[in-house]
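Protein chains in written order, with the UniProt record's numbering: chain A, 1 to 337; chain B, 1 to 337.
Think of the CB as a built atom: it goes at the ideal place given N, C-alpha and C, for glycine as much as any other residue.
In what follows, a structure is listed as structure tokens, so that the remarks can point back to it.
2 protein chains.
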Amino acid sequence: MATLADVARRAGVSQATASRIINGSAKPVTERLRVRVLAAVEELQYVPNAHAQSLARSQRSAIGVIVHDVSDPYFAEITRGLQRVATEHGRLVIICNSYRHPERELEYVELLRAQQAAAIILAGSGYHDAQFTRSLNSKLQVYERTGGRVTVIGRHQHASDAVMPANESGGYLLGAELFRLGHREIGVIAGPRLLTTTTDRLAGLRRAARDYSRPLRHVAYADFDRDGGAAAAASLLAQRPQLTAIAALNDSMAIGALAYLRSAKIEVPAQISVIGFDDMPIARDVTPALTTVRLPLAEIGARAMTMALDDSLRDRPPRIEEIGCEIVRRESTAPPP
Amino acid sequence: MATLADVARRAGVSQATASRIINGSAKPVTERLRVRVLAAVEELQYVPNAHAQSLARSQRSAIGVIVHDVSDPYFAEITRGLQRVATEHGRLVIICNSYRHPERELEYVELLRAQQAAAIILAGSGYHDAQFTRSLNSKLQVYERTGGRVTVIGRHQHASDAVMPANESGGYLLGAELFRLGHREIGVIAGPRLLTTTTDRLAGLRRAARDYSRPLRHVAYADFDRDGGAAAAASLLAQRPQLTAIAALNDSMAIGALAYLRSAKIEVPAQISVIGFDDMPIARDVTPALTTVRLPLAEIGARAMTMALDDSLRDRPPRIEEIGCEIVRRESTAPPP
DNA sequence: TCAACCTGGGAAAGGGCTTTCTTCAGCTAC
DNA sequence: GTAGCTGAAGAAAGCCCTTTCCCAGGTTGA
């Protein structure tokens, strides 16, 4: 691997000069040397060692992102937004999948600190686990104290900059929509109990139930994915066949529920309504097209990255951006039969 | 940020000793010092600077992956496989989205070289662009010459280790399935002409057409995504309403086609059959469930990462792994009306 | 008792780059 | 002619680690 010293030697200049030319430093250099050095760079196919640069400059540039799983459409969309902004700013993004293992999240914070990440963006749901939250917070604080920036998406347990999707009011919208249509007994497919996203959305749903004076007795907790949704729909209906609507706390689970209902030959929305949450891109392409609560996922990602990169925020009180959601009515909901 | 020197000072030992203890070096150290150093690490919340380590060890560890777009389900699945294997080996993955801009691919190769990536995995389709291919090849060769490993997925233009999805024979399967069902005039929704994935799959399809002595006159080229597929389906049918089947060269486009057909009130598969390619997870959840050619995407990713990490392959002739595909019959195909 | 050998620990040399501090040549100005 | 600049280039320090090499003190064996 060619080094700067090689380039300098070949061009017959000092390393200092070579470095200045390659980095377009402010210090003026004669055109003659510039040409020679650039020629040497070309001939040797020289690329500066990023680690050495980062060490010498002691300036951080990469941005770390911790998600549950990039291949989940929810995070894929958020990541798309994150990447767009990062690329615009010429920043490298390091993506870490925690696969919903809290310990792995802790490990990744350390890893990103070791990598001298300029900022860490936590893009997965928070956990109801006081001990974990404490150790995560302490790790994040250490990171911030050493100059790192932290931005979270939808986690209220951390005193850092945050982009907060309106999970609670989205949950309310979800419930209100069904109750307004006249449904009285609805089944809820919730995500893992441990996730704050689940409880936030559920809280909104419960509030809607209170406002409309409806019970909310049938809640099934499942994995936040398609198969979890399918299984939960099955168990919900086995337990309570009279349900006229199913509210899933994310689209993946709603799609799973649709799959189950199709296999069980139950008509949607004629016999039962289904509503989701998130409005992932695929929601409009399933049949019936999914009524859901829209969250502008890519925008959430973009905003989080923008905050993380905004250095003027340094040493100010954490800023919180609320992101609203809206109902998107498609074909999977109707009044009860 | 605490440094090793801080730790050593606090523990009252030399940096050398501290380093040895922290890294669990082979050199024996007394228990007394070990305890003191680890305590200092804990108190200072010390994390070694990864850049300094990489510099000192001059050993590469991260793996670079260049995809078109992680948020595309096709790449999301591949990436999932890649990540799984990388994590098992304790390797960091740097994901780069080229968004199908060849120049950006070139830039990312440089960037990954600068980052001292141990390997680069090129996971997007190749381009029909001789000049680009040449410059990419030359950049990759430079990278390999300096000890980097290159693994490509589905690109035949590079003389490196490769995982090759059977795009051509998958295309054949695609066509054969429709012709066997009795379709005589089929419309093809192809991806961008510039991509080798498009032409490979199309070549298989043409071969099937020859074998079954059927014409293949209606090919629409479009973006490799849902909206491209919808637009292409519309133009195909505007041009030739008698078509009884549409073969899309990937599932996203097939789903777009289904969306268009639904909006145009054309029944699938009663009036027209639709077949896709890839078998993305969502293919089974659209209605009608999509008949498609299955490619084990996550496994492709896993194999590519395994090859990239397999050091025993160093200095051997490049290894090529073929990955077969199979037809998955669901509900979007039927004999012509 | 002394040479030969371990052993655990430290000093210091890198690794590749940036950047400050110097140096030196070439000018201007008196 | 020389003091005083200015501008361009180089020397060298420093970023944070790892690892080789070396040393002192303690063992062992003859």
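{"Check": "Is it a yes or a no for the stretch 316–332 of chain B touching the stretch 154–169 of chain B, going by three-plus beta-carbon pairs under 8 angstroms?", "Outcome": "yes"}
{"Check": "Under 7 angstroms, Cβ to Cβ, is there at least one residue of chain A near B/Met-1?", "Outcome": "yes"}
{"Check": "Mind listing which residues of the UniProt domain \"HTH lacI-type\" (2–57) of chain B have their C-beta closer than 9 angstroms to chain A's C-betas, in chain order?", "Outcome": "Ala-2, Gln-45, Val-47, Pro-48, Asn-49, Ala-50, His-51, Ala-52, Gln-53, Ser-54, Leu-55"}
{"Check": "For A/Leu-216, tell me which candidate among A/Leu-106, A/Ala-203, A/Thr-287 has the shortest Cα-Cα distance.", "Outcome": "A/Ala-203"}
{"Check": "Compile a chain-ordered list of the residues in the stretch 281–313 of chain A whose CB is closer than 7 angstroms to at least one CB of chain B.", "Outcome": "Ile-282, Asp-285, Val-286, Thr-287"}
{"Check": "According to DSSP, is A/Phe-179 part of a helix, a strand, or is it coil?", "Outcome": "helix"}
{"Check": "Tell me A/Glu-326's beta-bridge partners as DSSP assigns them.", "Outcome": "A/Arg-294"}
{"Check": "Flag A/Arg-329 as yes if its beta-carbon sits less than 7 angstroms from any beta-carbon of chain B, otherwise no.", "Outcome": "no"}
{"Check": "Return the CA-CA distance between A/Gly-182 and A/Asp-225, expressed in angstroms with no decimal places.", "Outcome": "28 angstroms"}
{"Check": "Does the structure place the stretch 120–136 of chain B close enough to the stretch 66–74 of chain B that three or more beta carbon pairs sit under 8 angstroms?", "Outcome": "yes"}
{"Check": "Could you tell me the alpha carbon to alpha carbon distance between A/Tyr-172 and B/Ala-117, rounded to whole angstroms?", "Outcome": "47 angstroms"}
{"Check": "Can a CB atom of chain B be found closer than 7 angstroms to the CB of A/Glu-107?", "Outcome": "no"}
{"Check": "Within this structure, are the beta carbons of A/Leu-304 and A/Thr-151 separated by less than 7 angstroms?", "Outcome": "Note that residue 304 of chain A corresponds to Ala in the displayed sequence, not to Leu. Yes. Within cutoff."}
{"Check": "By Cβ distance, which residues of its chain are closer than 6 angstroms to B/Leu-195, with the 5 residues on each side in sequence left out?", "Outcome": "Ser-125"}
{"Check": "Would you report the Cα separation of A/Gly-82 and B/Glu-185, rounded to the nearest angstrom?", "Outcome": "Correcting the residue type first, residue 82 of chain A is Leu in the shown sequence and not Gly. If I take the Cα positions, the gap works out to 44 angstroms."}
{"Check": "Quick check for students: name the residue ranges of the beta strand (DSSP E) that lie wholly in the stretch 132–220 of chain B, counting only runs of 3 or more.", "Outcome": "149–153, 161–165, 186–190"}
{"Check": "With a threshold of 7 angstroms on Cβ separation, who are the neighbours of B/Arg-206 within its own chain once the five nearest residues in sequence on each side are excluded?", "Outcome": "Leu-216"}
{"Check": "Using a C-beta to C-beta distance shorter than 7 angstroms, which residues of chain A count as neighbours of B/Arg-80?", "Outcome": "Ser-71"}
{"Check": "How many Å lie between A/Ile-94 and A/Leu-111 at the Cα?", "Outcome": "10 angstroms"}
{"Check": "Could you name the residues that DSSP lists as bridge partners for A/Gly-64?", "Outcome": "A/Ile-94, A/Ile-120"}
{"Check": "Just reading off the alpha helix (DSSP H) that A/Phe-75 is part of, what are its end residues?", "Outcome": "73–88"}
{"Check": "Roughly how many whole angstroms lie between the Cα atoms of B/Arg-57 and B/Ala-114?", "Outcome": "16 angstroms"}
{"Check": "Per DSSP, A/Glu-321 is paired with what?", "Outcome": "A/Val-163"}
{"Check": "Any idea if A/Lys-139 is buried or exposed, counting beta-carbon neighbours within 10 angstroms, 16 or more meaning buried?", "Outcome": "buried"}
{"Check": "Is the beta carbon of A/Leu-290 closer than 7 angstroms to that of A/Gly-276?", "Outcome": "yes"}
{"Check": "For A/Pro-269, which residues from the same chain have a beta carbon less than 6 angstroms from its beta carbon, with the 5 sequence-adjacent residues on both sides left out?", "Outcome": "Ser-332, Thr-333, Ala-334"}
{"Check": "I'd like to know if B/Ala-233 contacts chain A, where contact means its C-beta is closer than 7 angstroms to some C-beta of that chain.", "Outcome": "no"}
{"Check": "Quick one: using the 10 Å Cβ neighbour count with 16 as the cut-off for buried, is B/Glu-35 buried or exposed?", "Outcome": "Note that residue 35 of chain B is Val in the sequence shown, not Glu. Answer is exposed; the Cβ neighbour count stays below 16."}
{"Check": "Can you give the Cα-Cα distance for B/Arg-60 and B/Thr-287, rounded to whole angstroms?", "Outcome": "47 angstroms"}
{"Check": "Please return the same chain residues whose Cβ sits closer than 7 angstroms to the Cβ of A/Ala-40, not counting the five positions on each side in sequence.", "Outcome": "Val-7, Arg-10, Ala-11"}
{"Check": "Just the C-alpha distance for A/Ala-232 and A/Ala-257, rounded to the nearest angstrom, thanks.", "Outcome": "8 angstroms"}
{"Check": "Could you tell me which residues DSSP pairs with B/Gly-12 in its beta bridges?", "Outcome": "Answer is none; B/Gly-12 lacks a bridge partner."}
{"Check": "Using the Cβ count rule (16 or more neighbours within 10 Å means buried), how would you classify B/Ala-238?", "Outcome": "exposed"}
{"Check": "Of all the residues that make up the stretch 113–124 of chain B, which are near chain A by a beta-carbon distance shorter than 7 angstroms?", "Outcome": "Arg-113, Ala-114, Gln-115, Gln-116"}
{"Check": "Please confirm if A/Glu-168 has its CB atom under 7 angstroms from at least one CB of chain B.", "Outcome": "no"}
{"Check": "Give me the subset of the stretch 243–274 of chain A whose CB atoms are less than 9 angstroms from a CB atom of chain B, sorted by chain position.", "Outcome": "Ile-255, Gly-256, Leu-258, Ala-259, Arg-262"}
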